[in-house]
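Worksheet: the structure to be examined is printed underneath.
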Amino acid sequence: MRKCGKSSHSVAVSSSHHSDHLTGKYDYDLVVIGGGSGGLACSKEAAQLGQKVAVLDYVEPSAKGTKWGLGGTCVNVGCIPKKLMHQAALLGTAVKDAKKYGWQMPETVHHDWATMAEAVQNHVRSLNWGHRVQLQDKKVKYLNLKGSLLDEHTVRGLSKAGKETILTAENIVIATGGRPKYPTQIPGAAEHGITSDDIFWLKKSPGKTYISHIRSACSVDLRWDVSPQMAGLVTDYMEAYGTRFVWRSVPKRVDKLSSGALQVTWSDTETGMEHRDTYNSVLWAVGRAPETKALGLDQLGVQLNKQTGKIVVGPDEATSVPHVYALGDISEGRPELTPTAIKAGKLLAHRLAGQSTALMNFDNVATTVFTPLEYGCVGLSEEEAERRHGKEGIEVFHAFYKPLEFTVAERDASQCYIKVICERGGDQKILGLHFTGPNAGEVIQGFSMGLQCGATYSHLLQTVGIHPTCAEEVVKVHITKRSGLDPTVTGC
Ligand SMILES: Cc1cc2nc3c(=O)[nH]c(=O)nc-3n(C[C@H](O)[C@H](O)[C@H](O)COP(=O)(O)OP(=O)(O)OC[C@H]3O[C@@H](n4cnc5c(N)ncnc54)[C@H](O)[C@@H]3O)c2cc1C
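The numbering of the sequence shown is my numbering, which starts it at 59 and goes up by one.
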């Protein structure tokens, strides 16, 4: 038995670590709760800098019982399986294009979900394994325990079997991310619906699927505040390729019919009329919420945002309680993205190890939505630029372009669009860049460095394009929205 830190909590200690480090006061220099993008990056970096580090990661199965390994949301139920399944979908379109390019294939080509899912899941499992090996190599103690805080230096870990482990640390980092929400007010929603925590681990195709975004019945969850113009391009494209959107509607209930099909009832928010249809699956994409309750933050006085439940942090990731830090999706006001969590985690490790004072810069973080027509952007939306600089204070250059590869394939390019938002006066500094089209992420990633360096419209014009690419259309934009001229690109 041992009494831990300042806590009066007395428990059986099963920690294999004996404290022998610099101060001798705590078991570890750093204990990280959450082995996802941010937590793993922070713990590995801190260990590299000579800190004694432990990371706790524990996956609570989804309501449908789906569970996964080490690595957090991105690896298991986020970026990685999402992008791989996106690639599977793009290949489906490419197969159609291929015929126009002379590839001969049977009239009907089938997709086998089980083959795709197995390949994706195997890759994810290899990443789970890779993370474990990396922690071992970098001498980070990995504990498959559910962590909570007893005080600002003490973490309580609980195993699946209910066994308790107490760890003390100079500093504690909370990086426990978030989980998808269910619309609990809708009868049948939780019972019959799934979320992104389940979709990537299904063994069978979900079939005809009803996807509920926060305000519309059949829609795509764009995850953040995208300007209506850009969101409209993405949804128009999807509609043209067979996704049915039911705008201005709210789901009312989900019932399982005797046939096994799921019947969804929704109402039209304008007419109040009720509609229903049957589906094989119902997927809720109504946002994510942090699991802050189980962390024991209340009794410690760690300040939370009452609306979002996220942890309030300063620019240095510090919470309202000394020695307790939070990063990644759990921290208030941060982009819910893997690279920001990783970078913030690494920088925090450097500061905690006394190696640097550098803070994370959350400005001009580029991002992409991997919808069938990809949408990438960096910097401000047109609406936000207008809000900050006034309508007269910005110049918007734009172009509708046709990807060369669409021509032979006879694909409609009406939604392939570029928008460059600049300050109107002076050097015409670029404030935002928006792109829909093939490989949007690859295109925007390159240009994002320009924005980080303070690029101006004249820098853009001085840049020579790579021909023939979609990205070259960005350096050619010259029609302003203000002029009202047709922004359709013609010729080379
Ligand atoms: C469907 C989907 C697609 C996405 N696509 C992208 C993308 O393309 N690009 C991108 O940049 N971002 C994407 N994201 C976002 C990205 O996954 C997250 O921003 C990122 O994973 C956040 O990292 P994190 O470290 O904050 O938390 P997470 O990665 O969520 O990790 C938190 C970990 O802590 C564990 N945990 C929770 N509570 C406890 C506890 N009490 N004790 C111990 N462990 C605990 C969790 O099980 C989890 O393993 C996507 C997210 C989703 C849902």
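A virtual CB, placed ideally from N, CA and C, is assigned to each residue, including glycine.
query, result
"Taking 6 Å as the cut-off, does the CB of D256 come closer than this to any heavy atom belonging to ligand 1?", "no"
"State yes or no: is the C-beta of K140 nearer than 6 Å to some heavy atom of ligand 1?", "yes"
"Is it buried or exposed for L315, if we count other Cβ within 10 angstroms and need 16 for buried?", "exposed"
"Measuring straight from C-alpha to C-alpha, what distance separates E444 and S206?", "44 Å"
"Thinking C-alpha only, which one of A233, M296, V111, V466 is nearest S389?", "A233"
"Thinking C-alpha only, which one of G215, A219, V231 is nearest L225?", "G215"
"Given this structure, state the Cα-to-Cα distance separating K539 from E453, to the nearest angstrom.", "8 Å"
"Under the three-state reduction of DSSP, which class applies to R445: helix, strand or coil?", "helix"
"Hey, K404 and C100 are a contact pair by Cβ (cut 8 Å); roughly how many whole angstroms apart?", "7 Å"
"If I follow the unbroken beta strand (DSSP E) through G465, where does it start and stop?", "Correcting the residue type first, residue 465 is Thr in the shown sequence and not Gly. Here T465 belongs to no beta strand (DSSP E); instead the alpha helix (DSSP H) covers 462-467."
"From the DSSP output, in three-state form, read off E531 for me.", "helix"
"Please identify the residue among E328, Y299, A298, D294 whose C-alpha is closest to the C-alpha of S307.", "E328"
"Count the other CB atoms, across all protein chains shown, that sit within 10 Å of the CB of I252; report buried if there are 16 or more and exposed otherwise.", "buried"
"Just the Cα atoms here: how many angstroms apart are T546 and D470?", "14 Å"
"Can you tell me whether R237 is buried or exposed? The criterion is at least 16 other CB atoms within 10 Å of its CB, across all chains shown.", "buried"
"State buried or exposed for Q162, treating a residue as buried only when at least 16 other CB atoms are found within 10 Å of its CB.", "exposed"
"Is the separation between the beta-carbon of I479 and that of V532 shorter than 7 Å?", "no"
"Have a look at T151, T173, S285, T301 and flag the residue whose alpha-carbon is nearest the alpha-carbon of S270.", "T301"
"Locate the alpha helix (DSSP H) running through W342, then write down its first and last residues.", "Where W342 is concerned, there is no enclosing alpha helix (DSSP H), although the beta strand (DSSP E) it sits in stretches over 339-342."
"Is the Cβ of L216 closer than 7 Å to any Cβ of chain C?", "The structure shown has no chain C; it contains just one protein chain."
"Distance check for T494 and K487, CA to CA, integer angstroms please.", "22 Å"
"My guess is that E394 and G499 are in contact by the Cβ rule of under 8 Å, so how many angstroms apart are they, rounded?", "Not confirmed; about 16 Å, so no contact."
"Which residue comes first and which comes last in the beta strand (DSSP E) that contains E481?", "475-481"
"Under DSSP, the beta strand (DSSP E) around E429 begins and ends at which residues?", "It is Thr, not Glu, that sits at residue 429 in the sequence shown. Looking at the DSSP string, T429 is not in any beta strand (DSSP E), and its letter there is neither H nor E."
"Does DSSP put F303 in a helix, a strand or coil?", "coil"
"Going by C-alpha distance, which of Y515, Q361, A352 is nearest I537?", "Y515"
"Can you tell me where the beta strand (DSSP E) holding S206 begins and where it ends?", "204-209"
"Residues in the same chain with beta-carbon distance under 7 Å from D335, minus the five sequence neighbours each way, listed in chain order, please.", "V322"
"Quickly, what does DSSP pair P397 with across the bridge? List them, please.", "Beta-bridge pairing links P397 to no other residue."
"Which whole-angstrom value is the C-beta distance of A105 and V89, which I expect to be below 8 Å?", "In fact, because the Cβ distance is near 12 Å, the residues do not count as touching under 8 Å."
"Can you tell me the Cα-Cα spacing of N229 and K102, whole angstroms?", "15 Å"
"On a Cα-Cα basis, can you pick out the residue from I138, S414, M418 that is closest to L185?", "I138"
"Determine the contact status of G265 and S339, defining contact as a CB-CB distance below 7 Å.", "yes"
"Please classify K61: is it buried, with 16 or more other beta-carbons within 10 angstroms of its beta-carbon, or exposed?", "Its pLDDT being 34, under 50, K61 is placed unreliably in this model, and the value from its coordinates should be taken loosely. It counts as exposed."
"Looking at the strands, I want to know which residues DSSP matches up with T226.", "T212"
"If you compare alpha carbons, which of D294, P380, V344, M418 is closest to S472?", "D294"
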